[in-house]
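S.K.:
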């Protein structure tokens, strides 16, 4: 297997882009990535596009080919991949596989989604496409409901409080305030969070990530194709894991853990030879505040049951033991579904370059965690800077 | 690269399955493929699912993971891939890549679509997701319109007649009559075709493939995992090509040719070391009667401009120079979009096994051609039986 390097990266701001088509957003991010890579377009051997619901929300499919054409990439295989909210991470993994296996010298990966042109019922209905509607549908659960249940169980089993969970929000919103790509960073207090509108008891407004528009893109390549600058940065994919888990919440033995995350993390640590304590920063899938707590435990970053307490003690903050979501995460940076997984990679790249607006000091290794549905699909990637 | 073998295959009948969910159809085909392969489920390393519009038409995404769960496949990467009508072929190619690269010992590929529960406007609207709606949308063209234009040009340039084109239909409908999986085989006359209802001038009813429900599945693996029977059959993937072309009909210099097909065929011949004359049968993408004529020329099976004449002369029939669509093709077998590409592979497998109900005598090599949108995505595969 060839080593897979980051050649270039690009991203739009996450937020409201109702003045742009979904194609235009994807092209914006992708063109930045290609230009930064300095790689001639003729060397790009494939395009992977991560997207979740362009069909239901935009009436558009086959976006991989459409976007490639606008970028002047002709004839090469262009594939949309979908795994609900993990679509972006899955796209990145397939780009890595194509370079690692020697099939391509360089591959473009783009993640994109637009949601903000749609009504709230339309968005809710589209997001519910990520559930096992035949089995779990009759329960009437939506995603806030699922994570509300998880919160209840976590609180009962581990004593996690509203204040613990609010600490995640305060941290991520503050991080988002420093990230120019973030949709809704904020300086929030415990009181503001506790008094915000109820969404799905016990989840309140600030516990939920917003719907978003956005796109992110990365060019990965063999080392030989890198610019001098990129070669010096030497940002390499150390692990790439994709797993699946039950699509039915009713089949989860523990509402406070996602098997797919646990397995993907094990595989990623094994591939990279690293341990959780070796990771300088993590961009993980905090679609809800409680999700960050669960994810941090599933990834082995925090002892089981301690996610809330660690957050409250600042141990996952910018100066903490393990820096989680310095970008602001989904809660503050936003969650344009198909873009999120690629956006996480983009964030880690900026950190490893030492060029992030909310820089983790001395960051040498970063992890991303992208989770789809109720844990039906998961990717974990570890990136590192060559010594 | 490891050699990639066919370990097992399964398919539902194509047609009306409004009594089954899309998941159930996929599971039906996939379970047959797995059982036939004799491969323990623990050896299956990934699932690729080809599907086009389960989002808009079924309100369901993330089907790869949902279907895997029902099959008792746990933890492995499950990915939906989409490239409009080429989704199934793209899924098959990714399964092959995973085995060829050594990442997996065996991979399950499933193609599935359900359309017949939807109204005609819903289906038309869903199919139009395969167009570049920003650019070509304002023209008001739908797919029958596009292929109607192609017909006009082919007739003008090459003298192709209504009778030539009807010969394709008569052949494919007759083949379909012998295929128990086909949706609408028929014994048709020139007069019946010429008097059928007009769809998009000059395309009449029998010039258009029907909407369909259906699923097809294949398990591909390294040779070591094959049953004795499969090893004896020795059906191997000799070439796997995926290409892209313009998504805008307005950018096609020639309405009677798809660049993506021409390129994919070149690549497939080069990979396999075979020429068009070495291919015993071809399952190609006859979404409309005129499409078979164009495809047969683009694939180099028939001299440019002669597709209609060859069909009229019976040279693409069961006793012809090159047997095209012995399954009945999309016109007669049906076109459950995401299933079609995998269904074509299924058909070739049965032919190479010598077990097809409409057997091409002595078939040793078969080709499939799966085309998406107005040629935005294409796959060409060549399979052969070991000597």
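Residue numbers (my numbering), protein chains in the order written: chain A, 1 to 387; chain B, 1001 to 1387.
For glycine and all other residues, C-beta sits at the position ideal for the given N, C-alpha and C.
1. Quick check for students: name the residue ranges of the alpha helix (DSSP H) that lie wholly in the region 1208-1251 of chain B, counting only runs of 4 or more.
2. List, in order along the chain, the chain A residues whose C-beta lies closer than 8 Å to that of residue 1263 of chain B?
3. Can you tell me whether residue 1036 of chain B is buried or exposed, with buried defined as 16 or more other CB within 10 angstroms of its CB?
4. Within its chain, find whatever has a CB closer than 8 Å to the CB of residue 267 of chain A; leave out the 5 residues flanking it on each side and keep chain order.
5. Which chain B residues are close to residue 55 of chain A, counting only those with a beta carbon under 9 Å from its beta carbon?
6. Starting from residue 1106 of chain B, follow its DSSP beta bridges and name the residues at the other end.
7. Starting from residue 958 of chain B, follow the beta strand (DSSP E) in both directions and report where the run begins and ends.
8. Is there a C-beta anywhere in chain B that falls below 8 Å from the one on residue 271 of chain A?
9. What are the boundary residues of the beta strand (DSSP E) that includes residue 1081 of chain B?
10. Any residues in the region 16-30 of chain A with a beta carbon nearer than 8 Å to a beta carbon of chain B? Which ones, in chain order?
11. Going by DSSP, what residues sit across from residue 372 of chain A in a beta bridge?
12. Residue 1135 of chain B and residue 1250 of chain B: beta carbons closer than 8 Å?
13. Give the secondary structure of residue 34 of chain A by DSSP, where H, G and I count as helix, E and B as strand, and everything else as coil.
14. Note down, in chain order, each residue of its chain lying with its Cβ closer than 8 Å to the Cβ of residue 1271 of chain B, except the 5 sequence neighbours on either side.
15. On the criterion of 16 or more Cβ atoms from any shown chain inside 10 Å, does residue 32 of chain A qualify as buried, or is it exposed?
16. Can you check whether the C-beta of residue 243 of chain A is within less than 8 Å of a C-beta belonging to chain B?
17. Determine the direct distance from the alpha carbon of residue 111 of chain A to that of residue 88 of chain A, and round the result to whole angstroms.
18. Which residues in chain E have a C-beta closer than 8 Å to the C-beta of residue 1103 of chain B? List them in chain order.
19. Please state whether the Cβ-Cβ distance between residue 132 of chain A and residue 43 of chain A is less than 8 Å.
20. Since residue 60 of chain A contacts residue 22 of chain A with CB under 8 Å, what's their CB separation in whole angstroms?
21. Which value, in whole angstroms, describes the spacing of the CA atoms of residue 1184 of chain B and residue 1209 of chain B?
22. Can you find a CB in chain A that lies within less than 8 Å of the CB of residue 1187 of chain B?
23. From the DSSP secondary-structure annotation, give me the bridge partner or partners of residue 1198 of chain B.
24. With DSSP run on the structure shown, which of helix, strand or coil describes residue 287 of chain A?
25. Answer yes if the region 199-218 of chain A comes into contact with the region 142-159 of chain A, meaning at least three C-beta pairs across the two stretches below 8 Å, and no otherwise.
26. I want to see whether chain B comes within less than 8 Å of residue 256 of chain A, judged by CB atoms only; does it?
27. I need the straight-line Cα distance from residue 317 of chain A to residue 303 of chain A, nearest angstrom please.
28. On the three-state DSSP scale, how would you describe residue 67 of chain A?
29. Can you list the residues of chain A that residue 1208 of chain B reaches, using a CB-CB cut of under 7 Å?
30. Return the first residue and the last residue of the alpha helix (DSSP H) that residue 1093 of chain B is part of.
31. Three or more C-beta pairs under 8 Å: does that hold for the region 166-179 of chain A against the region 322-329 of chain A?
32. Please list, in chain order, all residues of the same chain as residue 359 of chain A whose beta carbon is under 7 Å from its beta carbon, the five residues on each side excluded.
33. Would you call the CB atoms of residue 214 of chain A and residue 71 of chain A closer than 8 Å?
34. Roughly how many whole angstroms lie between the Cα atoms of residue 103 of chain A and residue 1003 of chain B?
35. Compare the Cα-Cα distances from residue 1118 of chain B to each of B:1305, B:1137, B:1211 and B:1355 and report the closest residue.
36. Output, in sequence order along the chain, the residues in the region 136-157 of chain A whose CB is closer than 8 Å to any CB in chain B.
M.R.: Answer, in terms of the structure:
1. 1228-1233
2. Reading the second chain from its first residue, position 263 is the one you call residue 1263 of chain B. Chain A residues near residue 1263 of chain B: 75.
3. Here the question's residue 1036 of chain B lines up with position 36 in the second chain. It is buried - the Cβ of residue 1036 of chain B has at least 16 other Cβ atoms within 10 Å.
4. For the purposes of this step, residue 267 of chain A is taken as the residue at position 267 of the first chain. Cβ within range, chain order: 239, 241, 243 and 380.
5. Numbered from its first residue, the first chain carries residue 55 of chain A at position 55. The contacting residues are 1052, 1053, 1054, 1055, 1056, 1057, 1061, 1082, 1126 and 1129.
6. Within the second chain, numbered from 1, the residue matching residue 1106 of chain B stands at position 106. Partner(s): B:1044 and B:1221.
7. Residue 958 of chain B is absent from the model: chain B starts at 1001 and stops at 1387.
8. Taking the first chain and counting its residues from 1, one reaches residue 271 of chain A at position 271. Taking Cβ atoms only, chain B never reaches closer than 8 Å to residue 271 of chain A, which makes this a no.
9. On the second chain, residue 1081 of chain B is found 81 positions in, with the first residue counted as 1. Its beta strand (DSSP E) spans residues 1078-1082.
10. 21 and 23
11. As a working mapping, residue 372 of chain A is identified with position 372 in the first chain. Partner(s): A:377.
12. For the purposes of this step, residue 1135 of chain B is identified with residue 135 of the second chain, where counting begins at 1. For the purposes of this step, residue 1250 of chain B is identified with residue 250 of the second chain, where counting begins at 1. Cβ distance < 8 Å, so residue 1135 of chain B and residue 1250 of chain B count as in contact.
13. As a first step, residue 34 of chain A is located in the first chain; it is residue number 34 there, counting from the start. Here residue 34 of chain A sits in helix by DSSP.
14. If you number the second chain from 1, residue 1271 of chain B lands on position 271. Cβ neighbours of residue 1271 of chain B beyond the five flanking positions: 1238, 1239, 1240, 1241 and 1382.
15. As a first step, residue 32 of chain A is located in the first chain; it is residue number 32 there, counting from the start. The residue in question, residue 32 of chain A, is buried, as its Cβ has 16 or more Cβ neighbours within 10 Å.
16. Sequence index remark: in the first chain, residue 243 of chain A carries index 243 (1-based). Yes, its Cβ sits closer than 8 Å to a Cβ of chain B.
17. Within the first chain, numbered from 1, the residue matching residue 88 of chain A stands at position 88. Within the first chain, numbered from 1, the residue matching residue 111 of chain A stands at position 111. C-alpha separation (whole angstroms): 5 Å.
18. Any reference to chain E falls outside this structure, whose protein chains are A and B.
19. Here residue 132 of chain A refers to the residue found at position 132 of the first chain. Here residue 43 of chain A refers to the residue found at position 43 of the first chain. Contact flag unset, no.
20. For the purposes of this step, residue 60 of chain A is taken as the residue at position 60 of the first chain. For the purposes of this step, residue 22 of chain A is taken as the residue at position 22 of the first chain. Confirmed, about 6 Å.
21. Sequence index remark: in the second chain, residue 1184 of chain B carries index 184 (1-based). Sequence index remark: in the second chain, residue 1209 of chain B carries index 209 (1-based). Rounded to whole angstroms, residue 1184 of chain B to residue 1209 of chain B spans 9 Å at the Cα level.
22. By 1-based counting over the second chain, the position of residue 1187 of chain B is 187. Chain A, which has no Cβ nearer than 8 Å to the Cβ of residue 1187 of chain B, makes this no.
23. Within the second chain, numbered from 1, the residue matching residue 1198 of chain B stands at position 198. Note: residue 1198 of chain B sits in a beta bridge opposite B:1204.
24. Walking along the first chain from the start, residue 287 of chain A turns up at place 287. In this structure, residue 287 of chain A counts as coil in the three-state DSSP scheme.
25. yes
26. For the purposes of this step, residue 256 of chain A is identified with residue 256 of the first chain, where counting begins at 1. No - not a single Cβ of chain B is within 8 Å of the one on residue 256 of chain A.
27. As a first step, residue 317 of chain A must be located in the first chain, where it is residue number 317. As a first step, residue 303 of chain A must be located in the first chain, where it is residue number 303. Whole-angstrom Cα-Cα distance: 16 Å.
28. On the first chain, position 67 is the one that residue 67 of chain A refers to. Residue 67 of chain A falls in the helix class under three-state DSSP.
29. To locate residue 1208 of chain B, count along the second chain from 1; it is residue 208. Result: empty, since nearest Cβ-Cβ is about 20 Å, beyond 7 Å.
30. Here residue 1093 of chain B refers to the residue found at position 93 of the second chain. Taken as a continuous stretch (DSSP letters only), the alpha helix (DSSP H) holding residue 1093 of chain B covers 1087-1100.
31. yes
32. One-based indexing of the first chain puts residue 359 of chain A at position 359. For residue 359 of chain A, where only same-chain residues beyond five positions count, the Cβ hits under 7 Å are 351.
33. Taking the first chain and counting its residues from 1, the one referred to as residue 214 of chain A is at position 214. Taking the first chain and counting its residues from 1, the one referred to as residue 71 of chain A is at position 71. Cβ atoms of residue 214 of chain A and residue 71 of chain A: not closer than 8 Å.
34. Against the first chain, residue 103 of chain A aligns to sequence position 103. Against the second chain, residue 1003 of chain B aligns to sequence position 3. Spanning the two alpha carbons is a distance of roughly 15 Å.
35. Position 118 of the second chain, counted from the first residue, corresponds to residue 1118 of chain B. Comparing Cα positions, the closest option is B:1211.
36. none
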